[in-house]
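A.B. asks: Be aware that the sequence shown starts at 565, since it is given in this note's numbering, and climbs by one per residue. Quick reminder that beta carbons are idealized off the backbone N, C-alpha and C, glycines included. Please see the structure below; I have some questions.
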Amino acid sequence: MNSKNLIIASVILSLGIIIGCLLLSLKFSSSIKVPNNKIVVENKVLMDINEASKFLGLSVDEIKEIINAEQESLDKYGGFNGIRLPFIVINRSYFFERTSLMIWVKDSFDNHRIYNDGKMN
565 MNSKNLIIAS VILSLGIIIG CLLLSLKFSS SIKVPNNKIV VENKVLMDIN EASKFLGLSV
625 DEIKEIINAE QESLDKYGGF NGIRLPFIVI NRSYFFERTS LMIWVKDSFD NHRIYNDGKM
685 N
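Structure below.
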């Protein structure tokens, strides 16, 4: 009789622990709110010009001036020293890739590139 009571008590205690853990985990998981759109943005391969602007800490106009200045330098000298700002154009919209932008920033710093008033110095 004693062993039977011990088994019943163990089963009841085990069920109580399991149910308590389940309730705690459900309460914890429902209190964590992650915005779905933020996850999607971070996993995107391409950024539009507004996202690239925020990523680089530059205005959209500054990005466009850099693109034009680098193109003007390429046209004028027939070449470009270093890495140009990497972008693609789809339906007249500029798109950028995060890793390529970081490489461009590093190269621009290494070459002490200067952009003033839409021109490269």
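Taking buried to mean at least 16 other C-beta atoms within 10 Å of its own C-beta, is Phe557 buried or exposed?
C.D. replies: With the chain covering only 565 through 685, there is no way to say anything about residue 557.
A.B. asks: Let me check one thing: in DSSP terms, what residues is Met666 bridge-paired to?
C.D. replies: Beta-bridge pairing links Met666 to no other residue.
A.B. asks: Residues in its own chain within less than 6 Å of Asn685 by CB, not counting five upstream and five downstream?
C.D. replies: Excluding positions up to five away in sequence, the list reads Ile678.
A.B. asks: Is the Cβ of Ser664 closer than 9 Å to any Cβ of chain D?
C.D. replies: Here there is only one protein chain, and chain D is not present.
A.B. asks: Identify, in the order they occur along the chain, each residue of the same chain with its Cβ nearer than 6 Å to the Cβ of Ala633, setting aside the five sequence neighbours on each side.
C.D. replies: Hits under 6 Å: Tyr679, Gly682, Lys683 and Met684.
A.B. asks: I'd like to check one pair, Ile667 with Ile647: are the Cβ atoms closer than 9 Å?
C.D. replies: Yes; because the gap between Cβ atoms is below 9 Å, this pair is in contact.
A.B. asks: What are the partner residues of Glu626, as DSSP defines its beta bridges?
C.D. replies: Answer is none; Glu626 lacks a bridge partner.
A.B. asks: What is the DSSP secondary structure of Leu610, reduced to helix, strand or coil?
C.D. replies: Correct three-state label for Leu610: strand.
A.B. asks: Taking the alpha-carbon of Gly664 as reference, which of Phe651, Asn607 and Lys640 has the nearest alpha-carbon?
C.D. replies: Residue 664 is actually Ser in this sequence, not Gly. Of the candidates Phe651, Asn607 and Lys640, the one whose C-alpha sits nearest the C-alpha of Ser664 is Phe651.
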